[in-house]
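In the numbering used here, the protein residues as written are 22 to 401. Below is one structure, written out as structure tokens; comments come after it.
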Ligand code: ADP
Ligand code: 3PG
Ligand code: MG
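And the structure:
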């Protein structure tokens, strides 16, 4: 398949180029926990600046409209001059873009301040398109979402994929025909995003390990006691998966008990006041054994609630993967944050910016954000 790149967009000098980036990085207050997604998005922006385009960056951050991109903009100001538009629905936004100099960069506030983004409302896509001459999707990690900026905008402007996006496809496509044994490890908390994909991976992988808060949903649907552990509401049809031989769940977990003490428990011995917050040592030993024999390991999602200090399971897994002989592909906003913390960059075959998007792409070989650009071109 031929993927258009920024090099295919002609006569960039003076053109307004909308770049959909994914700067949804983990934050602590106003401080960035890490900047991997931002750093990987810079080659596209640098290329456009050199070509003297006017670069308008769109991104979401966090869930819904609560979070702001201001701290990201402040952070990037250390690299180059960058303007900020607090509300893209105003005359001010029009004025700022109308006065942009060639080679300059302006960022619009979190797209999710407008509910029409997540609803994929064509009216928002039209408003955003009115600011640009070209559209580049460099938000690989958000391209599993059918949102206005991902699938609506490319319908309206000549479009291409950014360099980050193309690099993701280059590396991840090697896992579309995986070497076996293939071990898939997943965790985190986005149950509704990841569950449909888990089903697919039980067909693709030799072993599917489910940790993090995802495992709580499995335990709950199986009717096991999970105390006060976090679960996403809803049923996800997990019971058939529970019985599959290649699906592996934690055999032991770290809990905070009703007196707020940490304890290691067998997964089938959880008490009413417990909160499951990490995978236990026996689980990690079993996982190490499986990973040692694997030719390919794909991992997304922390095994525990690392923000509250339950990071040992995930840290141990990272160290196991850094030593693995097979290929290792990792990804996801929170997963990346932990790699950086342990200074393990460079120890893996590929670190994807995508969490849900990486899984979606590996399971299906396509993404809504890819189709939106490719299908339009083939229709022409
Ligand atoms: P990624 O960004 O790597 O794709 P997710 O966004 O799906 O991962 O999940 C990350 C979140 O999952 C973190 O906030 C982490 O605290 C949470 N998490 C993982 N395990 C648990 C658990 N057992 N209980 C509560 N939260 C958990
Ligand atoms: C991610 O963090 O995986 C992407 O930024 C997408 O975020 P979302 O799950 O809130 O759509
Ligand atoms: Mg996350």
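Built from N, CA and C at the ideal position, the CB exists for glycine as well.
| Check | Outcome |
| --- | --- |
| Beta-carbon separation of residue 232 and residue 271 under 8 Å? | yes |
| With 16 as the cutoff for other CB atoms within 10 Å, does residue 159 come out buried or exposed? | buried |
| Entirely within the stretch 291 to 319 and at least 4 residues each: give me those alpha helix (DSSP H) ranges in chain order. | 302 to 314 |
| Out of 89, 181, 171, which one is the CA nearest neighbour of residue 23? | 181 |
| So if DSSP puts residue 204 in a beta bridge, which residue, or which two residues, is it bridged to? | 228, 318 |
| So residue 62 is in the alpha helix (DSSP H); what residue range does that whole segment cover? | 57 to 71 |
| Whose C-beta lies closer than 8 Å to the C-beta of residue 209 among residues of the same chain, with five residues either side of it excluded? | 215, 233, 234, 235, 321, 322, 323, 353, 355, 356, 376 |
| Does the ligand 3PG have a heavy atom nearer than 7 Å to the CB of residue 23? | no |
| Tell me which residue opens and which closes the alpha helix (DSSP H) that residue 345 is part of. | Run containing residue 345: none; DSSP gives neither H nor E here. |
| From residue 343 to residue 163, what does the alpha carbon distance come to, in whole angstroms? | 26 Å |
| Secondary structure at residue 181, three-state DSSP: helix, strand or coil? | strand |
| Taking 8 Å as the cut-off, decide whether the C-beta atoms of residue 128 and residue 54 are in contact. | no |
| Shortest alpha-carbon distance to residue 325 belongs to which of 100, 150, 76, 276? | 276 |
| Under 8 Å, with one C-beta from each stretch per pair, do the stretch 110 to 122 and the stretch 78 to 92 reach the 3-pair mark? | no |
| Please determine, among 201, 218, 334, the residue with the shortest C-alpha to C-alpha distance to residue 388. | 218 |
| Roughly how many angstroms lie between the CA atoms of residue 167 and residue 245, to the nearest whole one? | 35 Å |
| Could you give the DSSP three-state label for residue 258: helix, strand or coil? | coil |
| Less than 8 Å between the C-beta atoms of residue 175 and residue 394, yes or no? | yes |
| Could you check what DSSP says for residue 370 in three-state terms: helix, strand or coil? | coil |
| Where residue 239 and residue 303 are concerned, what is the direct C-alpha to C-alpha distance, given to the nearest angstrom? | 19 Å |
| Which value, in whole angstroms, describes the spacing of the CA atoms of residue 192 and residue 155? | 26 Å |
| Taking Cβ to Cβ, would you say residue 57 is nearer than 8 Å to residue 374? | yes |
| Beta strand (DSSP E) containing residue 75: first to last residue? | 75 to 79 |
| Buried or exposed for residue 101, going by 16 or more other Cβ atoms inside 10 Å? | exposed |
| Note down, in chain order, each residue of its chain lying with its Cβ closer than 8 Å to the Cβ of residue 397, except the 5 sequence neighbours on either side. | 175, 176, 180 |
| In chain order, what residues of the same chain have a beta carbon less than 6 Å from the beta carbon of residue 42, not counting five sequence neighbours either side? | 62, 78, 80, 159, 160 |
| Compare the C-alpha of residue 339 against each of 328, 314, 316, 367 and name the closest. | 367 |
| For residue 273, list the residues DSSP reports as bridge partners. | 287 |
| So, are the CB atoms of residue 202 and residue 315 less than 8 Å apart? | yes |
| From the DSSP output, which residues share a beta bridge with residue 53? | 48 |
| Would you verify that the beta carbon of residue 339 is, or is not, closer than 8 Å to some beta carbon of chain C? | In the structure shown, chain C does not exist; there is a single protein chain. |
| Hey, quick one: how far does the beta strand (DSSP E) through residue 155 stretch, first residue to last? | 155 to 158 |
| With hydrogens ignored, establish whether the beta-carbon of residue 211 is closer than 7 Å to any heavy atom of the ligand ADP. | yes |
| Alpha carbon to alpha carbon, how far is residue 305 from residue 39? Give it in angstroms, no decimals. | 44 Å |
| Which word fits residue 97, buried or exposed, when buried means at least 16 other C-beta atoms lie within 10 angstroms of its C-beta? | buried |
| Does residue 197 pass the burial test, meaning 16 or more other C-beta atoms within 10 Å, or should it be called exposed? | exposed |
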